[in-house]
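Student: Dropping a structure here in structure tokens format, bear with me for questions.
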Amino acid sequence: MSENFILVTGRTVKQASGLHKGKDTDAYRRAVTVVEMNPEDMARLGIGEGRLVRLHTSAGQMEAPVHAGALPLKMVFIPMGPEANKLVGPETDGTGMPSFKGLTVEVEPA
Amino acid sequence: MKTVVENVTCTFCGCLCDDITVEVEDNRISRVRRACANGRGIFLDYDPTPKKPTVAGREVEWEDAVAAAAEILVRADSPLIYGLSSSACEAQRKAIELADLIGAIVDTTSSVCHGPTGLAMQAVGEPTATLGEVRNRADLLIFWGCNPAASHLRHFERYSLNAQGTLVPNGRRDRTMVVFDVRPTATAKAADQFFQVLPDSDFEVLAALRALVQGKEIESDSVGGIPLGRLRDLTERMKACRFGVFFMGMGLTMSRARDINVRELFALTAQLNEFTRFIVIPMRGHGNVAGADQVLTWQSGYPFAVSYARGYPQYGPGEFSAVDVLVREEADAALILASDPVAHFPHAAAMQLKRIPTIVIDPVVNLTADTAQVFFPTCCYGVDAEGVSYRMDNVPIRLRGALPTVRPTDESVLDAIIETVKRC
Amino acid sequence: MLGILNGKVYDPSNSVEAQVRDVWVKDGRIVSAQDVDCEKAEIIDASGLVVMAGGVDVHSHVVGSKVNAARKFRPEDHYGNTRERTALTRSGSGFTVPSTFLTGYLYAEMGYTTVMEAATAPLVAKHTHEELEDTPMLDMGAFITMGNNHFIMECIRDGLMEKARDYVAWLLNATKGYAIKIVNPGGVENWKWRRNVGELDDEVIGFGVTPRQIVTTLAQIAEELGLPHPIHVHGINLGRSTSARTTIETMATIEGRRAHFCHLQFLSYGKQAGTLHRSEAAKVAAMVNANPNLTVDVGQIVFGEATTMTSDGPLQYGIHMQTGNKWMNDDIENETGGGIVPIRYSRNNAINAVMWRTGLELALLIDNPWQVLLTTDHPNAGPFIHYPQVIKLLMDRGYRSAMFERLNPRGRKGALLPELHREYSLSDIAVVTRAGPARVLGLKHKGHLGVGADADITVYADLDDKEEMFARPRYVVKEGVVVVVDGALVRERRGKTLYVAPAYDTGIEADIREHFRKNYTISIDNFSVHADHFPHREMVCCR
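Chains as they are written, first to last, in my numbering: chain R, 17 to 126; chain U, 29 to 452; chain B, 5 to 547.
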């Protein structure tokens with residue numbers, strides 16, 4: 017059973033310090049392979065803190081552990097990076113800028 | 029033996045804090061003072077040990093790597109030069125010289141960052157100022173679609189919210205802070221007023237504010253999830269302040285209407301100058317992306333997404349921007365300078381980079397370097413090389429080298445490639 | 005070694021007018037014939053051609069932060085105005101705001117060899133120097149804006165004139181600038197409060213000083229420091245009907261000290277019934293004629309596309325509100341401000357018609373060509389590539405009159421211009437486009453062809469159509485090397501950045517350090533321009 021959420025990607029402090037260590041390190045990978053979600057949404061989907069969740073769009077899919085975060089209902093946040101970018105499509109609507117924020121993603125427990 | 033180097037500039041983000049103190053022991057940076065959690069790693073995690081360049085994963089001598097890179101570029105019909113944002117202007121100038129020489133497309137990280145901001149500025153203009161004007165005068169700060177608490181950690185203390193200024197002697201107490209975002213970020217928590225906007229509704233909210241500033245009536249009770257009354261109050265506050273500032277970021281450039289969102293904000297800012305002084309400063313992300321805009325503009329006339337394929341510069345956001353070029357398979361070789369598109373591009377574009385021969389010039393091995401045909405491990409401007417970078421408000425700052433320059437600079441590698449290409 | 009033989013030489017600095025003479029060059033300088041091995045020299049046969057020194061532009065906005073913001077902001081300016089790269093040259097684009105390489109090539113192809121960047125804010129001086137390095141073919145310098153500078157205004161307020169003088173000297177050294185530029189003194193600071201100034205004795209908010217005090221203080225400082233160029237003044241009230249009056253008052257207030265008033269056309273208007281300003285060129289010209297200590301440049305309107313860009317923040321906002329065109333603004337902490345608005349001048353527009361004739365009236369009514377230099381305040385009144393058209397307007401009364409007749413009739417009403425029959429001679433043109441600018445800039449080796457001068461030489465065909473003549477020189481020589489033949493570049497060369505380094509009491513540095521700590525967002529140790537920033541440079545001495 018999957019639901020549609022809005023995806024927002026962006027910077028986090030952990031993502032930044034991870035990238036200094038090296039993008040091939042565990043620190044970086046952990047920092048960018050994570051999904052934040054409103055705890056009410058987590059409860060409704062039956063996903064516990066730290067459990068894996070799967071997200072997909074027409075561009076692709078990814079899995080990551082989910083953490084409760086300060087987000088409105090039906091919104092997920094993933095730090096910018098290669099995991100988030102599996103979900104981001106190539107269309108730029110003629111601007112050069114892909115849709116890094118505001119994408120509709122399907123979310124379900126992994 | 030320890031040396032202390034003062035007035036060092038951190039190049040992580042567009043803040044370009046130039047008050048960093050660095051301690052050097054045994055040719056490594058042992059301690060950093062005043063750098064934030066995002067920037068410290070640039071200094072502390074940096075290994076200046078010279079490394080050999082690689083071709084097809086094998087270490088080679090520098091001349092051989094240069095020859096290999098030149099050959100890739102000369103053979104290509106449609107080369108792409110991309111990135112530039114975390115390198116100094118000296119190297120950016122060379123990258124563009126190379127593009128002009130080989131008829132390449134040259135694009136910078138602006139395309140996936142504040143490119144839409146540039147498009148908006150080209151459409152309606154941009155009333156702006158340097159950060160010192162904010163620190164010294166601003167009594168109303170409105171952060172729209174940006175989260176400096178995660179991305180520009182010393183912004184509040186050095187330039188905006190908490191900074192003391194000549195007309196703002198009490199710092200935070202003399203300022204009102206407003207945040208517009210789709211989620212309650214750490215920045216929102218610092219605000220006096222938080223406006224949570226429904227996703228992809230920034231344009232409507234901005235249009236409503238523009239109408240209210242002009243004294244027009246709005247029929248809905250709310251716009252973009254925000255009650256009209258709150259927008260009315262904000263409008264009065266904006267008109268009555270002494271010196272108002274918008275800071276804007278990816279929340280506007282990356283969501284549905286892209287540059288049209290930003291256009292609306294810039295037009296609102298201009299309109300507010302009928303009542304008081306109001307400016308806007310885009311929160312440039314990388315340390316020298318503002319410099320990349322500047323250098324590409326003064327050399328070609330255009331700030332990003334430039335093609336030299338016809339022998340003269342052509343401007344084409346959406347056509348010559350890197351993501352589009354890669355996704356449409358229109359580049360048959362790429363030179364990536366000081367950025368990591370394999371990490372930061374949509375998957376389809378990142379994968380294309382793995383399919384074409386790529387040359388990467390960067391101080392560290394990043395995800396793009398992992399897949400490169402030729403990799404040049406260069407020094408890091410601001411750590412072990414001097415150079416110039418431009419802050420988010422376009423103030424050029426000279427970068428010191430805290431460590432001696434042992435590795436080649438981006439500039440020297442590009443120069444060598446240019447000379448080799450000319451001889452081909 | 006080079007010999008330009010049998011040309012008709014115009015060298016007003018050395019009282020040479022239309023004399024057929026040889027000009028000899030060696031090691032980048034003009035020499036006498038005996039210093040050259042004539043057998044070995046490259047020879048240009050200039051029989052029937054006109055020979056002058058290379059053009060010197062005393063005021064043009066071509067490099068730096070504001071110009072580049074204009075380039076970025078106006079991609080539409082560049083479409084269709086492109087230049088392909090060649091084996092020798094870089095590509096480029098732009099019409100009113102050309103990219104840097106193209107700027108150098110266009111000026112060189114027009115016979116200019118020295119150009120002064122009209123305004124640079126100290127905080128962003130490094131940007132100017134980076135662009136200077138990427139502008140080939142020309143020797144250049146930058147004027148540093150100081151007329152709204154906080155440190156200076158505080159010194160004036162506190163009566164500390166010596167401190168102000170040491171600060172100005174320090175600032176010129178730190179920015180590697182060439183001269184003191186003043187733009188709307190006090191008005192740009194007041195714009196940060198959404199106000200302006202309108203009179204010389206209006207108060208600058210927060211400082212309690214006046215525009216009059218700022219101008220007189222800086223005029224005095226320029227003299228005491230022995231700077232080669234006097235204060236360069238864009239006065240208050242640009243564009244307004246009070247401008248002619250306050251221009252004359254400003255000229256009077258400096259009491260015989262040297263000063264250069266720039267793009268004076270924009271500041272020579274008066275009031276008349278109705279909405280149109282009147283040209284007060286006659287009154288302003290009379291003031292200039294009576295004061296040999298003054299020089300001006302015209303800022304002549306050329307019909308067509310232009311880009312207004314100045315440090316005059318409130319002015320630029322006003323142009324935005326008047327035209328509805330897109331607007332850039334940039335306030336620079338503690339120093340200055342400015343803005344950019346695209347504009348189009350049309351002969352059918354009555355206001356533009358008045359502006360157009362005001363500039364020509366000034367040029368024709370100021371008697372001494374050494375006092376009235378040719379500019380279009382590029383790109384504010386028009387792009388520099390139109391200088392040849394302005395030259396023709398000055399030299400050819402018939403052409404001038406034909407253009408006048410095609411102006412909007414309301415803009416022609418009551419005009420003085422038709423009564424002005426004066427035509428500039430080639431010698432006059434040599435003065436207003438090279439000898440005069442070089443002299444007022446204090447560039448002893450420029451603008452003339454005497455022995456010892458820099459070998460910057462332009463050779464023109466002697467054509468009846470002066471626009472064609474000056475648009476396409478037959479030869480241009482830069483530092484002794486032929487760079488242009490028949491209006492086309494044959495060699496690319498770098499020029500030098502010219503700067504001054506006046507002495508000052510280093511005791512002031514502690515105060516400046518404190519000023520930075522309190523007011524700036526950049527460390528004073530990261531502020532100054534370093535010499536390695538611009539390897540191609542030449543210091544011009546102060547007196």
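Where is the CB? At the ideal position from N, CA and C, for every residue including glycine. The model shown is predicted, which means the values in this text are computed figures rather than measured ones.
(1) Of all Cβ atoms in chain U, is any one closer than 8 Å to the Cβ of SER315 (chain B)?
(2) For the stretch 312–341 of chain U, list every residue whose C-beta sits within 7 Å of some C-beta in chain B, in sequence order.
(3) If we ignore side chains and look at the alpha-carbon of each, how far apart do SER315 (chain B) and VAL308 (chain U) end up?
(4) Is it true that the stretch 106–121 of chain B meets the stretch 403–410 of chain U, where meeting means three or more beta-carbon pairs spaced less than 8 Å apart?
(5) Straight-line CA distance for THR327 (chain B) to ILE130 (chain U)?
(6) Taking only beta-carbon positions, decide if TRP174 (chain B) is within less than 8 Å of chain U.
(7) Which residues, taken in chain order from the stretch 278–302 of chain U, show a beta carbon closer than 8 Å to some beta carbon of chain R?
(8) Span of the beta strand (DSSP E) holding ALA63 (chain U)?
(9) Does the Cβ of PRO383 (chain B) have 16 or more other Cβ atoms within 10 Å, making it buried, or fewer, making it exposed?
(10) Using the C-alpha atoms, what's the distance from PRO107 (chain U) back to ALA362 (chain U)?
(11) Within 10 angstroms of the Cβ of MET17 (chain R), are there 16 or more other Cβ atoms? Answer buried if so, exposed if not.
(12) Measure from the alpha carbon of CYS452 (chain U) to the alpha carbon of each residue in U:VAL102, U:PRO76, U:ALA214, then state which is nearest.
(13) Spatial neighbours of SER328 (chain U) within its chain, please: CB distance less than 6 Å, with the 5 preceding and 5 following residues excluded, ordered by chain position.
(14) With a threshold of 8 Å, are at least 3 pairs of Cβ atoms found where one atom belongs to the stretch 152–160 of chain U and the other to the stretch 306–324 of chain U?
(15) Whose C-beta lies closer than 6 Å to the C-beta of LEU271 (chain B) among residues of the same chain, with five residues either side of it excluded?
(16) May I ask you to list the residues that DSSP assigns as paired with CYS41 (chain U)?
(17) Are the stretch 218–234 of chain U and the stretch 284–295 of chain U touching, with three or more C-beta to C-beta distances below 8 Å?
(18) At the level of alpha carbons, what is the spacing between ALA377 (chain U) and ARG383 (chain U)?
(19) Leaving aside the five residues before and after PHE265 (chain B) along the sequence, list all residues of the same chain whose C-beta is less than 6 Å from its C-beta, in chain order.
(20) Once you ignore the five residues that flank ASP6 (chain U) on each side, which residues in its own chain have a CB closer than 7 Å to its CB?
(21) Under three-state DSSP, which class holds SER349 (chain U)?
(22) Taking 8 Å as the CB-CB limit, is ALA59 (chain R) close to chain U?
(23) In the structure shown, what three-state DSSP assignment does GLY191 (chain B) receive?
(24) Figure out for me which residue from R:ALA59, R:MET53, R:GLU124, R:GLU122 has the closest Cα to the Cα of LEU87 (chain R).
(25) Starting from the beta carbon of ASP438 (chain U), find every residue of chain R whose beta carbon is closer than 7 Å, and list them in chain order.
(26) Per the DSSP calculation, VAL207 (chain U) is bridged to which residue(s)?
(27) Quick one: does ASN66 (chain U) have its CB under 8 Å from some CB of chain R?
(28) Are the beta-carbon atoms of LEU89 (chain R) and ASP109 (chain R) separated by less than 8 Å?
(29) Let me know the secondary structure DSSP gives ASN20 (chain R) once reduced to three states.
(30) Is the beta carbon of ASP432 (chain B) less than 8 Å from the beta carbon of PRO373 (chain B)?
(31) Would you check if the distance between the CB atom of VAL121 (chain R) and the CB atom of LEU61 (chain R) is smaller than 8 Å?
(32) Is ALA157 (chain U) close to chain B? Criterion is C-beta to C-beta, closer than 8 Å.
(33) Relative to chain R, which residues along the stretch 381–396 of chain U have a C-beta separation below 8 Å, given in chain order?
(34) Quick one: list the residues of chain U neighbouring SER527 (chain B), beta-carbon separation under 8 Å, in chain order.
(35) DSSP has ARG282 (chain B) in a bridge; who is on the other side?
(36) List the DSSP bridge partners of ASP49 (chain B).
Tutor: Concretely, from the data shown:
(1) no
(2) ASP321, GLN322, THR325, TRP326, GLN327, SER328, GLY329, TYR330, PRO331, TYR336, GLY339, TYR340, PRO341
(3) 18 Å
(4) no
(5) 42 Å
(6) no
(7) MET278, GLY279, THR281, MET282, SER283, ARG284, ARG286, ASP287
(8) ALA63 (chain U) -> no beta strand (DSSP E), and no H or E assigned at all.
(9) buried
(10) 6 Å
(11) exposed
(12) U:VAL102
(13) VAL334, PRO341
(14) yes
(15) GLY239, LEU242, SER247, THR251
(16) U:HIS314
(17) yes
(18) 10 Å
(19) VAL237, VAL300
(20) Residue 6 (chain U) falls outside the range modelled here, since chain U spans only 29 to 452, and no answer is possible.
(21) coil
(22) no
(23) helix
(24) R:MET53
(25) Result: empty, since nearest Cβ-Cβ is about 19 Å, beyond 7 Å.
(26) U:PHE171, U:PHE222
(27) yes
(28) no
(29) strand
(30) yes
(31) no
(32) yes
(33) VAL392, VAL393, ASN394, LEU395
(34) ASN35, ASP46, ASP47
(35) B:GLY274
(36) B:LEU9
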